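K.L.:
Each residue of the sequence shown is one higher than the one before, starting from 4 at the first, in our numbering.
Note that the Cβ used here is the ideal one computed from N, Cα and C, for glycine as well.
Only a predicted model underlies this, so the values are computations on that prediction, with no experimental measurement involved.
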Amino acid sequence: MLGIMLVLLSTVIGTKTFAARDNTVEYWSVRSHVAAGDPVSRVDFVSTRIRVPESVAAQYVSVSDEFPAALGDLVWSHDVVAGALVERSALVPAGMRPDAELPLNVSAGSFPTDLRSGDSVDVWVGPAPGQPTNDGSKRILKAVQVLSTGGESKAIGSSAARTILVGTSDNDLGNQTLSAISAGHVTLVRVP
Numbered sequence: 004m005l006g007i008m009l010v011l012l013s014t015v016i017g018t019k020t021f022a023a024r025d026n027t028v029e030y031w032s033v034r035s036h037v038a039a040g041d042p043v044s045r046v047d048f049v050s051t052r053i054r055v056p057e058s059v060a061a062q063y064v065s066v067s068d069e070f071p072a073a074l075g076d077l078v079w080s081h082d083v084v085a086g087a088l089v090e091r092s093a094l095v096p097a098g099m100r101p102d103a104e105l106p107l108n109v110s111a112g113s114f115p116t117d118l119r120s121g122d123s124v125d126v127w128v129g130p131a132p133g134q135p136t137n138d139g140s141k142r143i144l145k146a147v148q149v150l151s152t153g154g155e156s157k158a159i160g161s162s163a164a165r166t167i168l169v170g171t172s173d174n175d176l177g178n179q180t181l182s183a184i185s186a187g188h189v190t191l192v193r194v195p
């Protein structure tokens, strides 16, 4: 009887000690895939208890955080896959959605390797490989938001590339901008 009591007592003490050392926090994650522009609804969220490094914790929405607006006034700024933690940049007021979504074919090595949806980038276009470099590079879009990073790079011709979707206003798009993008080498520079 004494042996059983000792086992039960040690189990209770071990459980309480482990629970006291638990430094996980409840964050919101996405229940099922959501697409850019979809309205945000309470049913999109499920709480997930997880330990997130302090260096990136502020990027995610914890259960105790307030949303930037009422849920009915928010839309998803970019696609989010099921089970992913909700980034603050993923929730924007409905009026802040871009006018246009512009796909960019960007060669591997011409964008940050850790580029994510929600990041802000400047779009530079320069001469394509083998073209004269007389005109140099030009910034054609400033501080546009990445809506989708396009997943894994795909081989296009002799190099790997990725189609990255950015949001922009109709005012930024014009014949010269689109011509430069299609004829030149696109480079994305992440900006604050």
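1) Taking 8 Å as the cut-off, decide whether the C-beta atoms of S32 and T51 are in contact.
2) Grab the span of the alpha helix (DSSP H) containing A186 for me, first residue to last.
3) State the DSSP-derived secondary structure class of V126, mapped to helix, strand or coil.
4) Relative to the C-alpha of G170, which residue among S120, E57, K141 is closest?
5) Out of K141, V64, V55, P56, which has the shortest C-alpha to C-alpha gap to V49?
6) Which residues bound the alpha helix (DSSP H) around D90?
7) Do you know offhand how far Y30's Cα is from A131's?
8) Here's the rule I'm using: 16 or more other beta-carbon atoms within 10 Å means buried, otherwise exposed. How should Q148 be labelled?
9) Tell me the rounded alpha-carbon separation between L181 and E69.
10) Less than 8 Å separating the beta-carbons of V89 and P42?
11) Could you tell me how far apart the beta carbons of V126 and I143 are, in whole angstroms, since I believe they sit closer than 8 Å?
12) Considering only the alpha carbon of each residue, which of V95, S151, G75, A93 lies closest to S109?
13) What three-state label does DSSP hand R193 in the structure shown?
P.N.:
Straight from the coordinates:
1) yes
2) 178 to 186
3) strand
4) S120
5) V64
6) Just to set this straight, residue 90 is Glu in the shown sequence, not Asp. No alpha helix (DSSP H) contains E90, which DSSP labels as neither H nor E.
7) 44 Å
8) buried
9) 40 Å
10) no
11) 6 Å
12) Residue identity differs from the one stated: residue 109 is Val in this sequence, not Ser. When only C-alpha atoms are compared, the closest one is S151.
13) strand
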